[in-house]
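Q:
Numbering (the working numbering), first residue to last: 24 to 290.
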């Protein structure tokens, strides 16, 4: 199974340019075209689909998401409005809880769980008690290796203005996960950077940006800023052997070029 993670779209009303610099709508369209060319089996969107959580944003988002050739699952981020997301994408999402936007999907070899970490009106993340209880029940349902998706990372990465708005109740989440050994990794967005880390003993994979990247600045007094770095998405290859993560870069790049000419290495 091949899964594409798409995160932090930040689509604005009327397709407006973000920060007077970034055409997030065109970046979104380019990402969809790229994903369709990869023939993935599933696309998971890990939050911040809209920029201000306006209904008009979700109209645009829905229109573009309908162009994907694969099924989708969606969890919100801090820039989203849960109610308007559910209303605007009602034919694309199906959540069990009346308020929290969580999903669970069982595949041949794995269990995929999406957790809503968004807090209304706040930039940081926190998983509601109802969602934690729901997660516990889902983990009791199956012992299949589980991949957990959410918007906010449970780790700090050294970029101060993003670290203060990570997942604030990560210990509560760990209390639920700890008794189960089937959770194999956590996948998040929010940081607009490709990041890998370890939380407790679990790998954490943060999706790269397909539009604008948060500047990699380890100065605690650094000014929050962004850069236009190479764009990409994260891919996950799931099979009976386990889970492997890749980054697939969007755009035209030279190659591929052969290593060999017949049976000889090119030199």
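Even glycine gets a Cβ: it sits at the ideal position worked out from N, Cα and C.
For the alpha helix (DSSP H) that contains residue 129, what are its first and last residues?
A: Within the chain shown, residue 129 is the residue found at index 106, counting from 1. Careful: residue 129 lies outside any alpha helix (DSSP H), inside the beta strand (DSSP E) at 126-129.
Q: Sort 104, 262 and 255 by Cα distance to residue 275 and report the nearest one.
A: Counting from one through the chain shown, the residue named residue 275 turns up at place 252. For the residues 104, 262 and 255, the minimum Cα distance to residue 275 belongs to 255.
Q: Straight-line CA distance for residue 109 to residue 86?
A: Within the chain shown, the letter at position 86 stands for residue 109. Within the chain shown, the letter at position 63 stands for residue 86. Cα to Cα, the separation comes out at about 15 Å.
Q: Sorry if obvious, but does the Cβ on residue 196 come closer than 7 Å to a heavy atom of the ligand ADP?
A: The ligand ADP is not among the ligands present in this structure, which contains no ligands whatsoever.
Q: If you draw a straight line from the alpha carbon of residue 191 to that of residue 147, how long is it in whole angstroms?
A: The count along the chain shown starts at 1 and reaches residue 191 at position 168. The count along the chain shown starts at 1 and reaches residue 147 at position 124. Using only the alpha carbons, I get a separation of about 7 Å.
Q: On the DSSP letters alone, give me the boundaries of the beta strand (DSSP E) that residue 271 sits inside.
A: For this step, residue 271 is matched to residue 248 along the chain shown. Judged by DSSP secondary structure, residue 271 falls within the beta strand (DSSP E) whose first and last residues are 265-272.
Q: So residue 210 packs on residue 171, CB below 8 Å; how close in whole Å?
A: The residue labelled residue 210 in the question sits at position 187 within the chain shown. The residue labelled residue 171 in the question sits at position 148 within the chain shown. Right, the Cβ-Cβ distance comes to about 7 Å (below 8 Å), so this counts as a contact.
Q: Following the continuous alpha helix (DSSP H) through residue 57, name the residue where it begins and the one where it ends.
A: Residue numbering aside, residue 57 sits at position 34 when the chain shown is read from its first letter. 47-61 is the extent of the alpha helix (DSSP H) around residue 57.
Q: My output table needs one value for residue 82: the three-state DSSP class, helix, strand or coil.
A: Your numbering for residue 82 matches position 59 in the chain shown. Three-state DSSP puts residue 82 in a helix.
Q: Quick one: Cα of residue 64 to Cα of residue 91, how far?
A: On the chain shown, position 41 is the one that residue 64 refers to. On the chain shown, position 68 is the one that residue 91 refers to. Rounded to whole angstroms, residue 64 to residue 91 spans 11 Å at the Cα level.
Q: For the beta strand (DSSP E) containing residue 187, list its first residue and its last residue.
A: Reading the chain shown from its first residue, position 164 is the one you call residue 187. Where residue 187 is concerned, there is no enclosing beta strand (DSSP E), given that its DSSP letter is neither H nor E.
Q: How far does the beta strand (DSSP E) with residue 111 in it reach, from first residue to last?
A: For this step, residue 111 is matched to residue 88 along the chain shown. Note, residue 111: premise wrong, no beta strand (DSSP E); alpha helix (DSSP H) at 105-111.
Q: Could you give the uninterrupted runs of the alpha helix (DSSP H) lying entirely in the segment 129-179, keeping only those of 4 residues or more?
A: 152-164
Q: Below 8 Å, can you find three or more Cβ-Cβ pairs linking the segment 64-80 to the segment 29-36?
A: yes
Q: When we look at the beta-carbon of residue 156 and count the other beta-carbons within 10 Å, is it buried (16 or more) or exposed?
A: One-based indexing of the chain shown puts residue 156 at position 133. Exposed is the call here.
Q: Is residue 70 helix, strand or coil when you go by DSSP?
A: By 1-based counting over the chain shown, the position of residue 70 is 47. In the structure shown, the three-state DSSP call for residue 70 is coil.
Q: Taking the CB atoms as reference points, tell me whether residue 173 and residue 137 lie closer together than 8 Å.
A: Translated into the one-based positions of the chain shown, residue 173 becomes position 150. Translated into the one-based positions of the chain shown, residue 137 becomes position 114. Taking 8 Å as the Cβ cut-off, residue 173 and residue 137 qualify as a contacting pair.
Q: Between the Cα of residue 270 and the Cα atoms of 278, 258, 279 and 262, which residue gives the shortest distance?
A: In the chain shown, the residue the question calls residue 270 occupies position 247. Answer by Cα proximity: 258.
Q: Just curious, the alpha helix (DSSP H) that residue 195 is in, first and last residue?
A: Locating residue 195 in the chain shown gives position 172, where the first residue counts as 1. It spans 193-200 - the alpha helix (DSSP H) in which residue 195 sits, taken as one unbroken run.
Q: Would you please state the rounded distance, in angstroms, between the beta carbons of residue 107 and residue 76? I believe it to be under 8 Å.
A: Here residue 107 is taken as the residue at index 84 of the chain shown, counted from 1. Here residue 76 is taken as the residue at index 53 of the chain shown, counted from 1. The Cβ separation is near 6 Å, so the contact holds.
Q: Any idea what DSSP makes of residue 36, helix, strand or coil?
A: Translated into the one-based positions of the chain shown, residue 36 becomes position 13. Helix at residue 36.
Q: I need the boundaries of the beta strand (DSSP E) containing residue 257, first residue and last residue.
A: Here the question's residue 257 lines up with position 234 in the chain shown. Element bounds for residue 257: 255-262.
Q: For my contact list, residue 261 and residue 132 are in at a C-beta cut-off of 8 Å; report their separation, rounded to the angstrom.
A: For the purposes of this step, residue 261 is taken as residue 238 along the chain shown, with counting starting at 1. For the purposes of this step, residue 132 is taken as residue 109 along the chain shown, with counting starting at 1. Their Cβ separation, rounded to whole angstroms, is 6 Å, which keeps residue 261 and residue 132 in contact under 8 Å.
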